[in-house]
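Sequential numbering of the sequence shown, starting at 10, is according to this note's numbering. Worksheet for the structure shown next.
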Amino acid sequence: MAEAQAQQRGGFAEADGGLRYEVDGEIATITLDRAEKRNAQTFATWSALARIGENMPEQVRVVVVKGEGPSFSAGIDLRMFTPEGVPGEGSFGSTAKLPNETFEQRLGQAQQGFLWLRRPEIVSIAAVQGHAIGAGFQLALACDLRIVADDVKFCMKEPALGLVPDLTGTKPLVELVGLAKAIDICLTARIVEADEALRIGLAEKVVAGGDLAKAVEDKIAELLSVNRDAAVATKRLLQGARSRSLEEQSRAEGLEQAKRLRALFG
């Protein structure tokens, strides 16, 4: 049914990896769809996310990532900690026995499912309600913007499980909240609720749970109202700003502006 509905809108859907994926014109929506498991993630989830990124249609400008049911994502599927693991996917135990090169390749493939959400060509929005734990927190951090319900519970659980966050979440966390606060959040594995998330910059907006979908729709409308090429160039500038000096950033601005002026008036 979901696939048929998506095709009617000119997009498509897939359930692989516990995800639903739909494209409707300039908007793509990825829904974590294992509500009975609080949208816990596995190797298949990360592979499916990577494939979506690899095949994203060029017309898409906004990507929304959300979770089915009361939680965004409770993090890693706990079966991955058992000797049996997830059927057909293995376990952390089997992964630990892989040769270094094979391990790095498998982790790199998983990380690709998160990295593409930062492309200049799109703006990614995490619509977060309930639990966003571990891998769920990192998926929200992979997005450009986070609009959250007032029941949100962010937690970087990995250190409490003897692991480190390895799904590209540490850099955006430090950039958003600063080093000291990131250390506090990660090394205590404590819960960050909505009011603190807004105060420290983890969330752009907090709304009542019933208003989350409308708040995301409103933000999409705002984003789509801006010239696409100017938006891509501006996001590219903003992403590079931290690594450049003021003089380097000024030159980058001039180069981008020259391209825009020539496109508009040349």
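The beta carbon of each residue, even a glycine, is placed where N, CA and C say it ideally should be.
For the pair Arg88 and Leu28, the Cα-to-Cα distance works out to about 18 Å. Taking Glu262 as the centre and dropping the five residues before and after it, the same chain places the C-beta of Leu246 closer than 7 Å to its C-beta, in chain order. In the DSSP assignment, Asp238 falls within the alpha helix (DSSP H) that extends over 237-249.
Rounded to whole angstroms, Lys106 and Ala158 show a C-alpha spacing of 40 Å. Sorting Val74, Phe123, Cys152 by C-alpha distance to the C-alpha of Leu211 places Cys152 at the top. Three or more beta-carbon pairs drawn from the region 123-143 and the region 70-83 are found closer than 8 Å, and the two stretches are therefore classed as touching.
Rounded to the nearest whole angstrom, the C-alpha separation of Glu167 and Lys228 is 31 Å. Thr91 and Ser100 have their alpha carbons spaced roughly 7 Å apart. In this structure, DSSP gives Arg70 a state outside helix and strand, which the three-state scheme calls coil. For Val161, no alpha helix (DSSP H) encloses it, and the DSSP letter there is neither H nor E. Shortest Cα-Cα distance from Arg127 to any of Thr104, Arg155, Gly143 involves Arg155. With a minimum length of 4 residues, the unbroken runs of alpha helix (DSSP H) contained wholly in the region 110-180 fall at 144-151. For Val95, no alpha helix (DSSP H) segment is defined, and its DSSP state is neither H nor E. With a 10 Å radius around the Cβ and a threshold of 16 neighbouring Cβ atoms, Gly275 comes out exposed. Unbroken alpha helix (DSSP H) runs of no fewer than 4 residues, entirely contained in the region 26-88, are found at 52-63, following chain order. Secondary structure at Glu231: helix, using DSSP grouped into helix, strand and coil.
Under the three-state reduction of DSSP output, Glu226 falls in the helix class. Take Val241, set aside five residues on each side of it, and the residues of its chain with a beta-carbon closer than 6 Å to its own are Pro129, Glu130, in chain order. Closest in C-alpha terms to Leu221, from the list Lys268, Val201, Phe81, Ile36, comes Phe81. In this structure, Ile200 lies away from Met165, with their beta-carbon atoms at least 8 Å apart.
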